[in-house]
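Structure first, commentary second.
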Amino acid sequence: MALKLPIYMDYHATTPCDPRVFEAMRPYFTEIFGNAASRNHQFGWEAEEAVETARKQAADLISASPKEIVFTSGATESDNLAIKGVADMYYERGDHIITAVTEHKAVLDSCKKLEKRGFKVTYLPVGSDGLISPDDVKNAITDKTILVTIMMANNEIGVIQPISAIGKVCKEKGVIFHTDATQAIGKIPFNVNDLNVDLASFSGHKIYGPKGVGGLYVRRKNPRVVLVPMMDGGGHERGMRSGTLNVTGIVGLGKACELAKSEMPTENERVFALREKLRKGIMDEIPDVYLNGHLTERLPGNLNMSFAYVEGESLLMGMNDIAVSSGSACTSASLEPSYVLKALGVGEELAHSSIRFGLGRFNTEEEVDYTIGRVNEAVNRLRELSPLWEMVQEGIDLSKVQWAGE
Amino acid sequence: MAYSDKVVDHYNNPRNVGSLDKKDQSVGTGLVGAPECGDVMKLQIKINPETQIIEDAKFKTFGCGSAIASSSLATEWLKGRTVDDALAIKNTAIVKELNLPPVKIHCSVLAEDAIRAAVRDYQNKQAEPKKAEEAAGNA
Numbered sequence: 005m006a007l008k009l010p011i012y013m014d015y016h017a018t019t020p021c022d023p024r025v026f027e028a029m030r031p032y033f034t035e036i037f038g039n040a041a042s043r044n045h046q047f048g049w050e051a052e053e054a055v056e057t058a059r060k061q062a063a064d065l066i067s068a069s070p071k072e073i074v075f076t077s078g079a080t081e082s083d084n085l086a087i088k089g090v091a092d093m094y095y096e097r098g099d100h101i102i103t104a105v106t107e108h109k110a111v112l113d114s115c116k117k118l119e120k121r122g123f124k125v126t127y128l129p130v131g132s133d134g135l136i137s138p139d140d141v142k143n144a145i146t147d148k149t150i151l152v153t154i155m156m157a158n159n160e161i162g163v164i165q166p167i168s169a170i171g172k173v174c175k176e177k178g179v180i181f182h183t184d185a186t187q188a189i190g191k192i193p194f195n196v197n198d199l200n201v202d203l204a205s206f207s208g209h210k211i212y213g214p215k216g217v218g219g220l221y222v223r224r225k226n227p228r229v230v231l232v233p234m235m236d237g238g239g240h241e242r243g244m245r246s247g248t249l250n251v252t253g254i255v256g257l258g259k260a261c262e263l264a265k266s267e268m269p270t271e272n273e274r275v276f277a278l279r280e281k282l283r284k285g286i287m288d289e290i291p292d293v294y295l296n297g298h299l300t301e302r303l304p305g306n307l308n309m310s311f312a313y314v315e316g317e318s319l320l321m322g323m324n325d326i327a328v329s330s331g332s333a334c335t336s337a338s339l340e341p342s343y344v345l346k347a348l349g350v351g352e353e354l355a356h357s358s359i360r361f362g363l364g365r366f367n368t369e370e371e372v373d374y375t376i377g378r379v380n381e382a383v384n385r386l387r388e389l390s391p392l393w394e395m396v397q398e399g400i401d402l403s404k405v406q407w408a409g410e
Numbered sequence: 097m098a099y100s101d102k103v104v105d106h107y108n109n110p111r112n113v114g115s116l117d118k119k120d121q122s123v124g125t126g127l128v129g130a131p132e133c134g135d136v137m138k139l140q141i142k143i144n145p146e147t148q149i150i151e152d153a154k155f156k157t158f159g160c161g162s163a164i165a166s167s168s169l170a171t172e173w174l175k176g177r178t179v180d181d182a183l184a185i186k187n188t189a190i191v192k193e194l195n196l197p198p199v200k201i202h203c204s205v206l207a208e209d210a211i212r213a214a215v216r217d218y219q220n221k222q223a224e225p226k227k228a229e230e231a232a233g234n235a
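Which chain is which? The protein sequence lines are V and P, in order. The number in this note's numbering is simply the position in the first sequence, starting from 1, with 4 added. The number in this note's numbering is simply the position in the second sequence, starting from 1, with 96 added.
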């Protein structure tokens, strides 16, 4: 098969809708268009039935009960609803929340907003491998702690946190445990009971479903978690999320969950093999490349590496027929390099030199081979252009140089 | 964000990449920026002591495409200029020529800094032997 360019290798950002998902959604735009809340005619019943099928598909993927699934507009909304919903519901019990420095902004900024309202938030550090210690969580819990929110898999470095152990700590202490599982659910096995989670956020478009739809798992038993809604209105989704249901999107999310569940074992094996081929291909051919984050406690499709002496954005430009992303400041509006990499203790210079590869369902071995070649070529070319590379070849220790900002 | 055609051209075909002998009396070297900031530029000029004209200019840059383009353009503009004219190159002219967006203006500023640093290094080199001679004369 001929190689088609550009190559998409940014599956943590988003994924294409699987054609099978799209086909499942198709009738719900124009034919089966009813409002799932219309209880007195066929149009509404059909829509409701479709939503309930999707709810079961989503629940099955995470071994939950369909009644524990709340559909939202996406994982950002789910994170906001979980964190603020718990804070508003349980503030009389306590005012303390525990999270981690490497969380997604949807979690961090929700926590910051609560801090402004008087809540106290502990931001746990991570090790140089990106992992959080369950003991740190245990030690941070006080009698005022009402919520622990720790992501399952990191969106930048792909590391998988010891969620089951953290969940166990929370259970023992009687603290509600939320996990932002946006990058995990649908990608790696996820069982709400084995993992001891009370709340879990997930998204459609990260798992080959459509954008604009996601969900929140809300435990109903042991303990029963109740949330104060953010959206008030018709009382949809057990009163936790009002608003006419996005039936088409929900059908797509459900189908995506079903496919993820049935194909995960074979897909993970294949994606992992591609990831390892890419990792070894790059690391064997190029010197001074560093892997960011734990090697094995990691999503099968994630590869985050720093290419020393080469700036990330210029590297993206040098391989512009491959869509990846960088932790370099230059690729963000803030001019700050990745806070996740900084939290791992990766030096700023190496944070500027980082590239995130996200492999997924539709990547091929040919694409990986091509990518290895392109990365190699671009890194070599940019190192020839790099004064830092030249200085290192001359034996200069860059950490001892007095850098003039002029 | 899409890059301007000129940035892409300088990135794909950078002009005057390389290094001059930094110990040469007629070479001025400017090294500006810092790795932690994601930009380091090394810009060198070789000056004819008789005419004060910049006969050669070379650069190496660690930085984004706009930083590479800014320094590449600077070397193009420097060749054939006198030292005084070199100092007249302003970052705003680089911004204009390369169509840099606001978020990339610092790249052009760094290129201007690199020019100034290279000229200063050259001037210091010229002053030093004189000082050495003066010192010898006074002895």
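Here a beta-carbon is modelled for each residue, glycine too, at the ideal position from N, C-alpha and C.
Check                                                                                                                                                                        : Outcome
Let me know the secondary structure DSSP gives Y32/V once reduced to three states.                                                                                           : helix
Listed in chain order, which residues of the region 294–318 of chain V have Cβ atoms closer than 9 Å to some Cβ of chain P?                                                  : Y313, V314, E315, G316, E317, S318
From the beta carbon of E172/P, is the nearest beta carbon of chain V less than 9 Å away?                                                                                    : no
Just curious, the beta strand (DSSP E) that R283/V is in, first and last residue?                                                                                            : Premise fails: R283/V lies in the alpha helix (DSSP H), 251–289, not in any beta strand (DSSP E).
For K172/V, does the three-state DSSP call read helix, strand or coil?                                                                                                       : helix
With a 10 Å radius around its C-beta and 16 neighbouring C-beta atoms as the bar for buried, classify L85/V as buried or exposed.                                            : buried
On the DSSP letters alone, give me the boundaries of the alpha helix (DSSP H) that I164/P sits inside.                                                                       : 161–174
To the nearest whole angstrom, what separates the beta carbons of G134/V and H298/V, a pair I think is in contact under 8 Å?                                                 : 6 Å
Given this structure, state the Cα-to-Cα distance separating T157/P from I149/P, to the nearest angstrom.                                                                    : 24 Å
Just curious, the alpha helix (DSSP H) that D113/V is in, first and last residue?                                                                                            : 109–120
Enumerated in chain order, which unbroken segments of the beta strand (DSSP E) with a length of 3 residues or greater are wholly contained in the region 170–239 of chain V? : 180–184, 203–207, 218–222
Evaluate F155/P with the Cβ neighbour count: other Cβ atoms within 10 Å of its Cβ, from every protein chain shown; 16 or more gives buried, anything less gives exposed.     : buried
Who does L127/P pair with in a DSSP beta bridge?                                                                                                                             : K138/P
Measure from the C-beta of G161/P to each C-beta in chain V and report whether the shortest distance is under 9 Å.                                                           : yes
Roughly how many angstroms separate the alpha carbons of V229/V and P70/V, rounded to a whole number?                                                                        : 15 Å
Run the CB neighbour count on H45/V, radius 10 Å, all protein chains shown included, and call it buried at 16 or more, exposed below.                                        : exposed
Between L139/P and G126/P, is the Cβ-Cβ spacing less than 9 Å?                                                                                                               : yes
In the DSSP assignment, find the beta strand (DSSP E) that holds T153/V and state where it starts and stops.                                                                 : 149–153
Alpha carbon to alpha carbon, how far is N296/V from V350/V? Give it in angstroms, no decimals.                                                                              : 8 Å
Quick check on A207/P: buried or exposed, where buried means 16 or more other Cβ atoms within 10 Å of its Cβ?                                                                : buried
Counting only Cβ-Cβ distances shorter than 9 Å, please list the residues of the region 138–162 of chain P near chain V, keeping chain order.                                 : K138, F155, K156, T157, F158, G159, C160, G161, S162
Taking E315/V as the reference, give the member of G362/V, L249/V, G258/V, W393/V with the closest Cα.                                                                       : W393/V
What is the rounded straight-line gap between the Cα of A185/V and the Cα of G129/P?                                                                                         : 39 Å
Which residues, in chain order, does the region 109–137 of chain P contribute to contact with chain V at a C-beta distance below 8 Å?                                        : P110, V113, S115, L127, V128, G129, A130, P131, E132, C133, G134, D135, V136, M137
Can you give me the start and stop residues for the beta strand (DSSP E) that T126/V sits inside?                                                                            : 124–128
State the DSSP-derived secondary structure class of A98/P, mapped to helix, strand or coil.                                                                                  : coil
Rounded to whole angstroms, what is the Cα-Cα separation between V201/V and S82/V?                                                                                           : 14 Å
Does I201/P get closer than 9 Å to chain V when you measure Cβ to Cβ?                                                                                                        : no
Would you mind reading off the limits of the alpha helix (DSSP H) that contains H356/V?                                                                                      : 352–356
Within the same chain, show all residues whose beta-carbon is closer than 8 Å to that of T171/P, passing over the 5 residues directly before and after it, in chain order.   : R111, N112, L139, A153, K154, F155
Among T147/P, L169/P, L174/P, which residue has its Cα nearest to the Cα of V191/P?                                                                                          : L169/P
Measuring only the C-alpha atoms, how far is A28/V from E35/V?                                                                                                               : 12 Å
Taking the DSSP output, what are the residues bridged to G362/V?                                                                                                             : D14/V, N306/V
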